[in-house]
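So the protein sequences, as listed, match chains A and B.
For any residue, its number in our numbering is found by taking its place in the first sequence, counting from 1, and adding 1.
For any residue, its number in our numbering is found by taking its place in the second sequence, counting from 1, and adding 1.
Note that the Cβ used here is the ideal one computed from N, Cα and C, for glycine as well.
In what follows, a single structure is set out as structure tokens and then discussed.
There are 2 protein chains.
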Amino acid sequence: MLQAKEVTQILRAHGYKVTPQRLAVYHALARTTAHPQAETLYAELLPLYPTMSLATVYKTLGILCEVGLAQELNVGEDAYRYDANTALHPHICCRVCGRVDDVSGLSLTGLQREAASCTGYEVTEQQVYFYGVCPACREQELRDEAGQRKVH
Amino acid sequence: MLQAKEVTQILRAHGYKVTPQRLAVYHALARTTAHPQAETLYAELLPLYPTMSLATVYKTLGILCEVGLAQELNVGEDAYRYDANTALHPHICCRVCGRVDDVSGLSLTGLQREAASCTGYEVTEQQVYFYGVCPACREQELRDEAGQRKVH
DNA sequence: CAATAACAAATAACGATTATCTATTTATAA
DNA sequence: TTATAAATAGATAATCGTTATTTGTTATTG
């Protein structure tokens, strides 16, 4: 998570003005690893910035992605998610509760090179998404099964 | 690409009726490797089935995904793409022309196991997307650069 | 201090997808 | 084959995430 000073520098370097709203969106995003949607960030910021509009959140997120302070995720929901961690790393999404977590400790740079040689593309980016059931939901499922067995 | 008879069996086995429209959507999708959007399939089918509506295409694609005859892709566009090849394989998307190709010859099963052990999730699916510039667009870019040099 | 440009907020617009409703078609068994 | 019940297709409208537009405000520069 970058400091306000660094964020300011980066925005200015790309010709964008620095406003309290923009810093607030960045810090709300950088403070969490929950990969929120625009709507979630908006709801979180509204108490602090009662005049902020959802359109401003979207526009700011677009700018943050453009200048390399965030990345956009799409796990197949109806809405985008955002991540202030722009390092190359996979994400994993729980099919039960919908949470999205980072996956750290997988080396993916080899994949990119392989993909380039398979396809003839010049490969510049990649996104890796896993889907399954998170630990909390797995436990819940085990509890549910146990409960059902008692009923029978 | 499965034959109509097999598709019929699979749909019936899942309790769905088999209609000319459903077979047509499946075959239009299975015939191509371009990973079309619903709109594209609709435009392709309209001359053959003048009464078909876009809603029917969407509903049919949803059913095909549910019964395992297709999968849904999302490379970050505003619309979903669909693929009748349901085997686990990555996709690669050209940032210039937007085309989406299959990547074959990458082994991904190890990744899934690694992700499970990193996160504690039970991992059931994955999607791998690469982004870059396709061979055709790379050539075009080279030609454009050559042209610019002449002008100077 | 004036002039200019960029901005935030509000609103409307847009477009992909889904829900609803009705007439039609399919599957099934007599 | 044909009658019947259930499921479907198509038309239409609705929904919702996202983007464009407009207008008044703020910040910056000379």
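Handout entry: Straight-line gap, B/R23 to B/Q4 (C-alpha atoms, nearest Å)
Key = 13 Å
Practice task
Report the residue from A/C98, A/Y130, A/A39 and A/G111 whose alpha carbon sits nearest the alpha carbon of A/E140.
Solution key: A/C98
Practice task
Give the range of the alpha helix (DSSP H) segment to which A/E45 is assigned.
Solution key: A39 to L46
Handout entry: Within 8 Å of chain B by C-beta, residues of the segment 108–127 of chain A in sequence order
Key = L112, Q113, E115, A116, A117, C119, T120, G121, Y122, E123, V124, T125, E126 and Q127
Practice task
Tell me where the beta strand (DSSP E) around B/E67 begins and ends.
Solution key: Careful: B/E67 lies outside any beta strand (DSSP E), inside the alpha helix (DSSP H) at L55 to E67.
Exercise for the section: With DSSP as the reference, label A/V134 as helix, strand or coil. Expected result: strand
Problem - Simplified DSSP state of B/H28, which is helix, strand or coil - result: helix
Practice task
Taking only beta-carbon positions, decide if B/E73 is within less than 8 Å of chain A.
Solution key: yes
Problem - Contacts that A/I93 makes with chain B (C-beta to C-beta distance below 8 Å) - result: A116, T120, Y122 and V124
Problem - Beta carbon of B/A1 nearer than 8 Å to that of B/A71 - result: This structure gives no information on residue 1 of chain B, because the portion of chain B shown stretches from 2 to 153.
Problem - Boundaries of the beta strand (DSSP E) in which A/E73 is found, first to last residue - result: Q72 to L74
Handout entry: Distance, B/M2 Cα to B/P136 Cα
Key = 27 Å
Handout entry: Under the three-state DSSP convention, the category A/V19 falls into
Key = coil
Handout entry: Contact set between A/R139 and chain B, taken where Cβ atoms lie within less than 9 Å
Key = G121, Y122 and E123
Handout entry: Own chain, CB closer than 6 Å to B/C94, minus 5 neighbours either side, in chain order
Key = V76, V101 and Y132
Handout entry: Interface partners of B/Y157 on chain A, CB under 7 Å
Key = Residue 157 of chain B lies beyond the residue range present for chain B, which begins at 2 and ends at 153; the question has no answer from this structure.
Problem - Beta-carbon spacing of A/H90, A/V104 below 8 Å - result: yes
Handout entry: Selected residue, minimal CA-CA separation from A/S87, among A/E73, A/T120, A/V8 and A/A25
Key = Reading off the sequence, residue 87 of chain A comes out as Thr, not Ser. For A/T87, the nearest C-alpha among the options comes from A/E73.
Handout entry: Bridge-paired residues (DSSP) for B/Y83
Key = B/E73
Handout entry: Beta-ladder partner(s) of B/C93, from DSSP
Key = As written in the sequence, residue 93 of chain B is Ile, which differs from the Cys given in the question. Answer is B/D102 and B/F131, bridged to B/I93.
Handout entry: Segment contact, 8 Å Cβ cut-off, at least three pairs: the segment 23–43 of chain B with the segment 51–65 of chain B
Key = yes
Problem - Bridge partners - A/V124, DSSP secondary structure assignment - result: B/G133
Practice task
For A/Q4, name the three-state secondary structure that DSSP assigns.
Solution key: coil
Exercise for the section: Mark A/H92 as exposed unless 16 or more other C-beta atoms lie within 10 angstroms of its C-beta, in which case mark it buried. Expected result: buried
Problem - Expected contact under 8 Å - CB spacing of A/T61 and A/V26 to nearest Å - result: 4 Å
Practice task
Flag this pair as yes or no: are the beta carbons of A/A117 and A/E126 separated by less than 8 Å?
Solution key: no
Exercise for the section: Take B/Y50 and list the residues in its own chain whose beta-carbon comes closer than 7 Å to its own, dropping the five residues that flank it on each side. Expected result: Q22 and A25
Practice task
Please list, in chain order, all residues of the same chain as B/E45 whose beta carbon is under 6 Å from its beta carbon, the five residues on each side excluded.
Solution key: A29
Practice task
Look at B/L112 and A/L107 and say whether their C-beta atoms are less than 8 Å apart.
Solution key: yes
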